[in-house]
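There are 4 protein chains.
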Amino acid sequence: MKAIVKARAEPGLKIQDAPDPAPPGPGEALIRIRAGSICGTDLHIHKWDAWAQSRIRPPQIIGHEIAGDIVELGEGVEGYEKGQTVSVEGHIVCGRCPLCRTGQAHICPRMEIIGIDRDGGFAEYIKVPASNLWKIDAGIPIEVAALHDALGNAFHATLLHPVAGKSVLVLGCGPIGLLSCAIARASGAERVFATDVNPRRLDIAERMGADVRIDASKQDPVRVVREATESIGADVVLEMSGAPSAIQQGLAAVRNGGEVRLLGLPAHDVPIALARDIIFKGITIHGILGRRMYETWYQMRAFLRAGRIDVSPVITHRLPYQDVDKGFAALGEGTAGKVVLRFDA
Amino acid sequence: MKAIVKARAEPGLKIQDAPDPAPPGPGEALIRIRAGSICGTDLHIHKWDAWAQSRIRPPQIIGHEIAGDIVELGEGVEGYEKGQTVSVEGHIVCGRCPLCRTGQAHICPRMEIIGIDRDGGFAEYIKVPASNLWKIDAGIPIEVAALHDALGNAFHATLLHPVAGKSVLVLGCGPIGLLSCAIARASGAERVFATDVNPRRLDIAERMGADVRIDASKQDPVRVVREATESIGADVVLEMSGAPSAIQQGLAAVRNGGEVRLLGLPAHDVPIALARDIIFKGITIHGILGRRMYETWYQMRAFLRAGRIDVSPVITHRLPYQDVDKGFAALGEGTAGKVVLRFDA
Amino acid sequence: MKAIVKARAEPGLKIQDAPDPAPPGPGEALIRIRAGSICGTDLHIHKWDAWAQSRIRPPQIIGHEIAGDIVELGEGVEGYEKGQTVSVEGHIVCGRCPLCRTGQAHICPRMEIIGIDRDGGFAEYIKVPASNLWKIDAGIPIEVAALHDALGNAFHATLLHPVAGKSVLVLGCGPIGLLSCAIARASGAERVFATDVNPRRLDIAERMGADVRIDASKQDPVRVVREATESIGADVVLEMSGAPSAIQQGLAAVRNGGEVRLLGLPAHDVPIALARDIIFKGITIHGILGRRMYETWYQMRAFLRAGRIDVSPVITHRLPYQDVDKGFAALGEGTAGKVVLRFDA
Amino acid sequence: MKAIVKARAEPGLKIQDAPDPAPPGPGEALIRIRAGSICGTDLHIHKWDAWAQSRIRPPQIIGHEIAGDIVELGEGVEGYEKGQTVSVEGHIVCGRCPLCRTGQAHICPRMEIIGIDRDGGFAEYIKVPASNLWKIDAGIPIEVAALHDALGNAFHATLLHPVAGKSVLVLGCGPIGLLSCAIARASGAERVFATDVNPRRLDIAERMGADVRIDASKQDPVRVVREATESIGADVVLEMSGAPSAIQQGLAAVRNGGEVRLLGLPAHDVPIALARDIIFKGITIHGILGRRMYETWYQMRAFLRAGRIDVSPVITHRLPYQDVDKGFAALGEGTAGKVVLRFDA
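Chains as they are written, first to last, in the working numbering: chain Z, 145 to 489; chain S, 145 to 489; chain X, 145 to 489; chain F, 145 to 489.
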C-alpha cells in the first residue's frame, strides 16, 4: 500500500510503498483510510525538531487524525460491520492498569499513540483495536470524520466543567482553539474572548462564535478581559497555544477561583508565579490530554447530530494525499486551518 | 399604600389600603414596586386550597415575583443607591445556620418567603433586607425583571449539572418549564423534549427552543424518548408539572445513571417503584427549591446580558394591578403563560 | 463437578453434579472456586419468592459472591497467571454500549449477573471473562475475598461522595449495613448512627465502628438523629434495609440539602412525600447498584491493604458447601451475618 | 491595652501600649484575646523580609491565629452572647462581590487579613465583624482554639476532594503539613507519605498518623513514592513547604490524573515543565488559600468533637505573650511546631 512515511532521521516525509497490514486478529479491525487531517504534531515530525528526534523511530508511517471504512473484522468483534464508516481514537491503551480500569484510559501510562509510537494512518490501510473505533453518522462529511481527534481535544478542554453562563478566554486560534470557540458558544458561555496574532484566524474565530476578538500583537488580552468583566477576570481560560506569553496572560486574566485548562504544549519550562497567580487566587489548573474515552466522543456526536456547531470554517485545505507537501507548506506559513488529505480519490 | 391582599380565610383577593412600610432599618432597603408576576403559588393562595389554608395567615399582602426601584436605604447598606432598579430574591434567610454559612441558604430551615410567610410585594412598596436585592441591567424590561424569581427556578433546575451534549426531557410547559426549554437549548443540550397536554403551550415550547414536542394527551412521552434515543432514555429529566403521571414518565424515560430533577410540587404522596426505577437504574433524583443564592442570579444575568435566551414568549399578559382578577382568570383557564401586573402605571 | 443448583421452580436448592465448564475461550478465565458467600439475593432464590420466580430460569447454578484460584486462561489474557487467587465482579457487561464506554458499566442495560441471569459460582469451577477478575493480595483470607462483591456494595454506597466530617445514618445492619458502618467510620465520618431491630446486629455495628446504636423497635431514629444534630438532621443516609418504614425514616432524618443513598430493595412501591421530603428539603437521592467498575474495587483493596477496616466481625458462619442448608437456615433466622461456604475443603 | 506591634519598618516586634478598640458598631463584636498562635506569616513580618516590606504598613498590631471571649456585641448581632469563647476567621471580606455571593468568600478580591492588612489580634482586645466569629465547644483547649486558622488551612487543603482510599504525599512537615497528616489519616487515606529534612518533625509526623516518613535530605521522595505504589505515583500531593524542590518532587511523584494542592508559598517564580508534568499527565493543580467560609470550620468542629484527630503534638511551646521573643526564636531555629502565646495569664 501507499503511505506517508518519516523514512529517515531527517526533515521531510516521503510517499512510499509500505507492507499491507496483516489480517486483523481477535478484537481488531482493518480500516481502509479515506481521509486524514494534519495535526500540529505531524508538523513537528515533518520538521524533525528536538521533540520529534526524541520520540519518533523511523521508518514510520505518520498520521493519527483519520477516518475510513471498515474492510475486515477480527474474531470476536461485535457491534460493527464491514463498510461502516469510522473515525479512530488514536490512543491505544493497555486496558488493564488502574487508570484504564477507572475511566481514565486517556492518560494510561502504557499508552501508544498511532503515528507517533507506532505506525500511523496516513496510508491506504490501518489495523487498530476495534475498541478504538468510532462510528460516524451518515451525513457527516469524511473530512469532519477525519478531524474528530482534534475536535475531541477541543471538546475535552471546553466541556471539562460547564461553561454555561461563564466568560471564556481562548488563547490561540489554531484549529483546536477555533473549535473551542464554537463549542463554548454553543454551550451557553456568556462571552467568548479569542486571542491570536493572525487577523485571518481571528476572522474565523468570529465565524465560529467568538464574541470578542483580541489581536494579541496589538492589544493586551488581560486588560481587554478585565475591562469587559468589571475587573473580575475570565471564569475559564483555554490555553491552546503553548506560548509562554499566552500562559502568563491566562494566569493573569483568570478570575480568583477560576480555571485554566492547558492544552497547548510549551517547548520548554515556563516560570510561574505560583504564589501570586495560583495560590493567592485560589485557581485550578487542568492539564488536558487527548479525549475522554469515550465521553468526549459521545459529546462530539451529540453536537454534530444536533447541528449545534459547524466545524467547516476550520477546514481550509482539501488535498489528495499526493499533495501532502503542499499541505505542510500551507501549515508552515501559518495561514491554514485544518488541511485534510484524501486517500480515496 | 395600595396592596393586593388575602384579606380573609376564603377564596379571592382584594385590592385595599395597607400601611406604608416603616423606614428601612440597618441593612434594609425600601423598594417602590413597578411590576409583579403571578406565580402558581399565588394561584393556590387565591383559590384558598388545602395548602394555602395550612400556610397563609390572613390578612397578608401576597406576591413574591417582583421588581421596582430603590427609594430608601437603611444604615450600613453599601453598593446600592436610590433609583437603582432591582429584583428581589424572595427567600429571606437567617444567615447564621450551617446551611446559610455553607452556600446552601436557599434551603435555610428558618427561611421565610415573602408573600407566603410574611407580607409580599404585590403592593406599591416593600421593605426587604438589602442582601436580597438584585440589580437589574439597563435595557432589561421591567416585566422580565419581575419574573427573575421564576426564571431563577428554571435556571437552578436546568443548570444544576451540565446539559451540554445531553438529551433533556422537560415535563410540563408552564412558565418554568418553558423557560427551561430555552435555557437547556442555549446551553448545548443535544435535544430538548417538551411535554404538555395543551397545544398552545407546546407551540410556545417550540418557540423557546424545544426540539421535540410531545402532546402527552395523545403520545406516550416514554416511548417517544426511547425511540429517539436508541432505547437509552433521556440523560436529564426536568419535572415541572407536579403531576404524578409525569413523575412516573420521568422515572421511566430517564436513562440508567441519568438525573431526574424535581421542581413541580405534587399535592399528595406519589407511589414510587424505588427498586425498579431508582436503584436498578442507578439514577439520581434532585429536589429543586428556589434559586442558589446567588449563583443562579449571576447565571440569569449572564444569559440575559448575552442575549442567549429570549423570555418574552412566556409573558402573555401585561395588566395594571387593578386588573388582578383578569390575570387570575386567565391563569385559571390554563391558557396564560406569565401574567405581569404593573404597579407604576 | 459439584454445584449448588436451583433445580426446579420450587423452594430449596440441591447439591448435584453439573457439567464441567468448557475450556476458556479468548479473553476468558477458568476459576477453581474456594469460597462463596451467601447473599440476600440467594435467600430470595432459595425461598422462590415472587421476584425469584420472575427472574430465575431453573435449572441454574446459583451464587455470585465468590473467590478462588485461576486454573486456566484463554487466548489473549494478559496480566494474570495460573494459581493467582481472585475474586470476581459478578456483573457481566456488554462493554460496547454508551454506559460501558463512559465509566458506568455497573448499570449497563445488557448486564447479566452471574448466579441470577446465568450459571453462578457456588460450584467447583466457573468460567468468567478475564476482565471481571480481581486479584486478591496475599494475606487476605479467602472468606474475605469471597465477600468482595458485598463489601463493594458497601464501599460504593458509603464513598459515593465524601463522608469525612459528616454525620451518617445507616438504616439496617445486615452485612452491607455493618460494613458501611466500618467504612464510614474509617473515612472520617463525624458520627455514625446505626439502626436495626436486632440487638445482636447492633452489637456488631458497634464493633464495626458505629458511634450511636438505635434499636428501631424501641426508639425513633428520626428523633435520635435530630436530637444529636441540633435539629439539623443527618448529612448522609445509607438505606440498607429496603423496609418502607426505614426509607421514610431516612427521608425524615436527612438534613436539608443532604443525601439519601438507596441500596436496600423494597419489594413494592413506596409512597413518597416528594414535595415535603425531597423538593422543599432540596435533597438528593442516589440509587446504588453493584460496584463501580472498577473504582470501587481499588478502594476495597486500599482499605484492606492499609488495615483501615476489619470485616471479620461480619462473618459469623464458615461451613463446607455440603452444609449449605445449615447456612440458609441460619440466615433465615435473621441471626447470621455473612455465611461463607468453602468449596475447597 | 498591651499589644505586639510591628512598630517601625525594621526587623523585630515590640510589646507596647495601643489604644483600646472603639465599642463595637452594628454587626461587630469585641473579643478579649486569651491565646494567639504564631503563624509563618508572622515570622516574615518579624524578619521584615521583602514580602513584609511590600505589604505591611507600620505601626501595626500583628497576629491572626487567635481565640478569646466575647466581651461586647454591637447592634443587631444575633446568635452570640457575652462570655462565649470564640475563634476568629482572619479573612475580612466584602460580602457583596460575586465571589462573596457565590460561596467563594475566601478569595474575595477586596479581602483584608487581620494582622496583615489591618491591626491584628496579638493584643488584649480585638474588634471584628460578628460574621467572622466561630464558637468554640466547651472542652476544646484555648490553645487549640487559637490555631483554628492554621488547622483550617490544613482541612481546606486535605479535604478539598476526598482522600479515602488514596495515597497522599505531604511535602513539608511544618504545623500545617503535620495537621494534614492527621486529617488525611483520619479520613481514610490508604497511605500518608510525609517528607521533611528535620528528623524531629518527621517524628511528630509519625505521631500524627503518617505511614511513611521520608527524610528528603537523604532519600528521594519521588522514588520512595513510586516504589511504594507500583510505579503509579501518589493520588494526591499536598505541597506545604513552598520550596521549589518540593514542588518539583510533587509534580514528579503525583500519578497521571492526580491532584497537586499548593499551599506553601514560594518566594519566587518556579520553572514548571508544563507539558511533561501537567499536560501529558493530565493532572490538576489547586491553589489553596485560607479556609472555605465556613465549610472548613464545620469540618474542623466535626473532627474535633468526634475526637478523630489530636492536634496537641503540634503545639510545642506555650508561653505568656511577654515571652514573644522566645517564641520567635524557637521558630527561627526550625525546631518548634506551633508556639502559642497566652494573653490571659
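Heads up, the beta-carbon is just placed ideally off N, CA and C, and yes, glycines get one too.
Sequence-distant residues of the same chain with beta carbon closer than 8 Å to residue i, five excluded per side
{"i": "G309 (chain F)", "result": "G332, A333 and E334"}
{"i": "Q443 (chain F)", "result": "F299 and L303"}
Element boundaries [beta strand (DSSP E), containing residue i]
{"i": "V404 (chain F)", "result": "V398 to L406"}
{"i": "P464 (chain F)", "result": "I459 to P464"}
{"i": "K150 (chain F)", "result": "K146 to K150"}
{"i": "L485 (chain Z)", "result": "K482 to R486"}
{"i": "E209 (chain X)", "result": "E209 to L217"}
{"i": "R178 (chain X)", "result": "E172 to S181"}
{"i": "T229 (chain S)", "result": "T229 to V232"}
Cβ-Cβ distance between residue i and residue j below 8 Å
{"i": "F337 (chain S)", "j": "L313 (chain S)", "result": "yes"}
{"i": "M437 (chain X)", "j": "E256 (chain X)", "result": "no"}
{"i": "A339 (chain S)", "j": "A360 (chain S)", "result": "Correcting the residue type first, residue 339 (chain S) is Thr in the shown sequence and not Ala. In this structure, A360 (chain S) lies closer than 8 Å to T339 (chain S) by Cβ."}
{"i": "P165 (chain F)", "j": "I270 (chain F)", "result": "yes"}
{"i": "I453 (chain F)", "j": "V484 (chain F)", "result": "no"}
{"i": "I214 (chain S)", "j": "Y224 (chain S)", "result": "yes"}
{"i": "P415 (chain F)", "j": "L418 (chain Z)", "result": "no"}
{"i": "A290 (chain S)", "j": "M145 (chain S)", "result": "no"}
{"i": "G471 (chain F)", "j": "I182 (chain F)", "result": "yes"}
Sequence-distant residues of its chain with Cβ nearer than 6 Å to residue i (five each side left out)
{"i": "G434 (chain S)", "result": "H235 and H250"}
{"i": "I376 (chain Z)", "result": "R399"}
{"i": "A196 (chain Z)", "result": "H188 and I189"}
{"i": "K158 (chain F)", "result": "V149 and A151"}
{"i": "R420 (chain X)", "result": "none"}
{"i": "K425 (chain S)", "result": "N400"}
Contact list for residue i against chain S, beta-carbon separation under 7 Å
{"i": "I251 (chain X)", "result": "N400, G401, K425 and G426"}
Selected residue, minimal CA-CA separation from residue i, among the options
{"i": "G169 (chain S)", "options": "S:I182, S:K158 and S:E216", "result": "S:E216"}
{"i": "R240 (chain X)", "options": "Z:V237, Z:K279 and Z:C252", "result": "Z:K279"}
{"i": "A179 (chain F)", "options": "F:D263, F:K150 and F:H292", "result": "F:H292"}
{"i": "D355 (chain X)", "options": "F:Q204, F:R449 and F:T229", "result": "F:R449"}
{"i": "I177 (chain X)", "options": "X:S198, X:V230 and X:A162", "result": "X:V230"}
{"i": "Y465 (chain X)", "options": "X:A173, X:E172 and X:I206", "result": "X:I206"}
{"i": "V341 (chain Z)", "options": "Z:P203, Z:A473, Z:S389 and Z:H430", "result": "Z:S389"}
{"i": "V380 (chain X)", "options": "X:A147, X:V307 and X:I327", "result": "X:V307"}
{"i": "P167 (chain Z)", "options": "Z:G218, Z:I200 and Z:P155", "result": "Z:G218"}
{"i": "W441 (chain S)", "options": "F:L243, F:P273 and F:V368", "result": "F:L243"}
{"i": "I258 (chain S)", "options": "S:T246, S:P273 and S:G247", "result": "S:P273"}
{"i": "G264 (chain S)", "options": "S:V404, S:D193 and S:I200", "result": "S:I200"}
Chain Z contact residues for residue i, given Cβ-Cβ distances below 7 Å
{"i": "E439 (chain X)", "result": "T246"}
{"i": "P410 (chain F)", "result": "L418 and A419"}
Any chain B beta carbon closer than 8 Å to residue i
{"i": "A450 (chain F)", "result": "Protein chains in the displayed structure are Z, S, X and F, and chain B is not among them."}
Under 7 Å from the C-beta of residue i: neighbouring residues of chain X
{"i": "I348 (chain S)", "result": "Correct list: empty, because the minimum Cβ distance to chain X is about 25 Å."}
Closer than 9 Å at the beta carbon, the chain X residues around residue i
{"i": "R335 (chain F)", "result": "A446, R449 and A450"}
Under 8 Å by beta carbon: chain S residues contacting residue i
{"i": "V414 (chain X)", "result": "P415, I416 and L418"}
Chain-ordered chain Z contacts of residue i [CB-CB under 9 Å]
{"i": "L303 (chain S)", "result": "P306, A308, G309 and G332"}
Boundaries of the alpha helix (DSSP H) in which residue i is found, first to last residue
{"i": "Q197 (chain Z)", "result": "A194 to R199"}
{"i": "R335 (chain F)", "result": "Where R335 (chain F) is concerned, there is no enclosing alpha helix (DSSP H), although the beta strand (DSSP E) it sits in stretches over R335 to D340."}
Within chain Z, the residues that residue i reaches when beta carbons sit closer than 8 Å
{"i": "Q443 (chain S)", "result": "A308 and G309"}
Residues that residue i contacts on chain X, provided the C-beta gap is smaller than 8 Å
{"i": "E222 (chain Z)", "result": "R240"}
Under 8 Å by beta carbon: chain F residues contacting residue i
{"i": "E219 (chain S)", "result": "P170"}
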